[in-house]
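Novice:
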Amino acid sequence: MKLKTQEDIDLVKSLISPPGDTLLETIEALGITQSDLANRMARPNKTINEIIQGKTAITPETAIQLERVTGVPADFWLEREKNYRLELAEILEAERVLQEKEWLANFPIKEMIKLGWIQVSTKDPLEWVEAIFRFFRVGNKEGFYNCSCYTALDAPDYRLTNQDGKNPYALAAWLRKGEIQAETLEVASYDKKKFKDSLQEIKHLMADHPEDFFARLTGLAGEAGVKVVHTPSLPHAKVHGATRWIGDTPVIQLSNQFKRNDIFWFTFFHEAGHILKHGKKELFIEGIEPTELAKVKEQEADDFAISLTFSVKEEAEFMALGQNGWTTKQVSDFAKKVGTHPAMIVGRLERNKLITPGQGYIHGFYQKIEL
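For the sequence shown, the positions run 0 to 370 when numbering that gives the first Met the number 0 is used.
1. Using 10 angstroms around the beta-carbon of H203, count the other beta-carbons present and answer buried if the total reaches 16, otherwise exposed.
2. Contact between the stretch 236-246 and the stretch 212-223: three or more CB pairs below 8 angstroms?
3. Using only CA atoms, which one of A342, I47 and G324 lies nearest to I354?
4. Exposed or buried, which one is W261 when buried takes at least 16 other CB atoms within 10 Å?
5. Looking at the structure shown, is W373 part of a helix, part of a strand, or coil, going by DSSP?
6. Looking at the secondary structure, which residues open and close the alpha helix (DSSP H) in which I344 lies?
7. Between the alpha carbons of E66 and A88, how many angstroms are there, rounded?
8. Excluding sequence positions up to five away, which residues of its chain have a Cβ less than 7 angstroms from the Cβ of L29?
9. Under 8 angstroms: do the stretch 336-345 and the stretch 185-205 share three or more Cβ pairs, one atom per stretch?
10. Quick one: grab the DSSP three-state call for K367.
11. Between which two residues does the alpha helix (DSSP H) containing E375 stretch?
12. By DSSP, does E285 sit in helix, in strand, or in coil?
13. For I26, name the three-state secondary structure that DSSP assigns.
14. On the DSSP bridge assignment, give the partners of L423 in chain order.
15. Cutting at 7 angstroms between CB atoms, please list the residues of its own chain near F309, excluding the five before and the five after it.
16. By a C-beta neighbour count over all protein chains shown, 10 Å radius and 16 as the cutoff for buried, is G278 buried or exposed?
17. Do R215 and Y365 have their C-beta atoms within less than 7 angstroms of each other?
18. Do P249 and V225 count as a contact pair if the criterion is CB distance below 7 angstroms?
Printed below as a string of structure tokens:
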């Protein structure tokens, strides 16, 4: 019986009995007292009494001796003991989980259910806690705090603060979902040179932005041994992307948080920069303020992304065209000339506060990405 409520727990408590109950019925039917049984098994009376009360478990040795005395197979006693102990453990675990149901409020469970990340059939907190444990592949609440998806958020290079406005439980769930998605992908062995070379073709995808761009992006990256997954952002996660190695395979996880092509592509190339320039043991999370230790590496990844999306040299050349502002034709023509997307140019101008926000939307340069 699956324990979902306190009523379920109370019912099971009233129904289960230790194997000692069966043992007592058996010896009484045989006309054997507890003292007789103890003598026949050369065991202390106390031990036999504790077995009958369920305080002491029936071991394989005890089961064999019981078979000899009672004629009931040892397998029966062992199976009876196993089932009883399992039922006790389920009751104790269910009671403990119910006491921790407030812990569930840390997670954006409704959104996780809506996205299909976890499956539940009721609104009972016990079932929801079980679903969270299975999602993270942990045995209990304490195990969750030891899992890499959570401990990474307090690593030396990235640290959440009260000012971040981010929920570490939501971030941990987002990272864990990325791991699950990555497990299903088959890619080639990682080849650094092949991945670096593939970025030129991926840059063409950015510029042309065909409808199947994401499938082609994951295909090109996969041929070079890099897994790319899209994981929808959760409330209060506020993360653009992350890079980490799972075994010998690098994984790029993208949230597409703002569904805007310039942000999506810059984030991808930024994460690619981490793979090519930084270590396998490091986790990089975009959207969390890096510590001083990580700022240098983040700048290196930014510079790498800039070089592939709209380089410093290209930016300087474009700036020279617009002493009195820029026309939409100039933006489009220059983007075509340097092999980028107009949104990358307009996005840079906005970030540098050279044009008012929203110009990319007004002139149709920003493209909405739905994945």
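C-beta atoms are modelled at their ideal positions from N, C-alpha and C, and glycine is treated no differently.
Specialist: So, from the listed chains and residues:
1. Residue mapping note: residue 203 aligns to position 204 of the sequence shown, counting from 1. Around the beta carbon of H203, fewer than 16 other beta carbons lie within 10 angstroms, which makes this residue exposed.
2. With the cut-off at 8 angstroms, the stretch 236-246 and the stretch 212-223 do not touch.
3. For the purposes of this step, residue 354 is taken as residue 355 along the sequence shown, with counting starting at 1. Residue G324 is the option with its Cα nearest to I354.
4. As a first step, residue 261 must be located in the sequence shown, where it is residue number 262. In the sequence as presented, Trp is not what sits at residue 261; that position holds Asp. Its Cβ being crowded by 16 or more others within 10 Å, D261 is buried.
5. Coverage of the chain is limited to positions 0 through 370, which leaves residue 373 absent and any answer about it impossible.
6. Counting from one through the sequence shown, the residue named residue 344 turns up at place 345. If you look at I344, you'll find it in the alpha helix (DSSP H) that goes P341 to R350.
7. In the sequence shown, counting from the first residue as 1, residue 66 sits at position 67. In the sequence shown, counting from the first residue as 1, residue 88 sits at position 89. Each residue's Cα considered, the two are about 26 angstroms apart.
8. Within the sequence shown, the letter at position 30 stands for residue 29. Closer than 7 angstroms at the Cβ level, and outside the excluded window around L29, lie T69.
9. Taking 8 angstroms as the limit for Cβ pairs, the verdict is that the stretch 185-205 does touch the stretch 336-345.
10. Here residue 367 refers to the residue found at position 368 when the sequence shown is read from its first residue. Collapsing the DSSP output to three states places K367 in a strand.
11. This structure does not reach residue 375, given that the chain is present from 0 up to 370, and the question cannot be answered.
12. Walking along the sequence shown from the start, residue 285 turns up at place 286. Strand at E285.
13. Here residue 26 refers to the residue found at position 27 when the sequence shown is read from its first residue. Helix at I26.
14. The question about residue 423 has no answer here: the residues shown for the chain are numbered 0 through 370.
15. Looking up residue 309 in the sequence shown gives position 310. T339, M343, I344 and R347.
16. If you number the sequence shown from 1, residue 278 lands on position 279. With fewer than 16 neighbouring CB atoms inside 10 Å of its own CB, G278 falls in the exposed class.
17. Residue numbering aside, residue 215 sits at position 216 when the sequence shown is read from its first letter. Residue numbering aside, residue 365 sits at position 366 when the sequence shown is read from its first letter. In this structure, R215 sits away from Y365, with a CB-CB distance that is not shorter than 7 angstroms.
18. Numbered from 1 along the sequence shown, position 226 holds the residue referred to as residue 225. Numbered from 1 along the sequence shown, position 250 holds the residue referred to as residue 249. It is a contact, given that the beta carbons lie within the stated cut-off.
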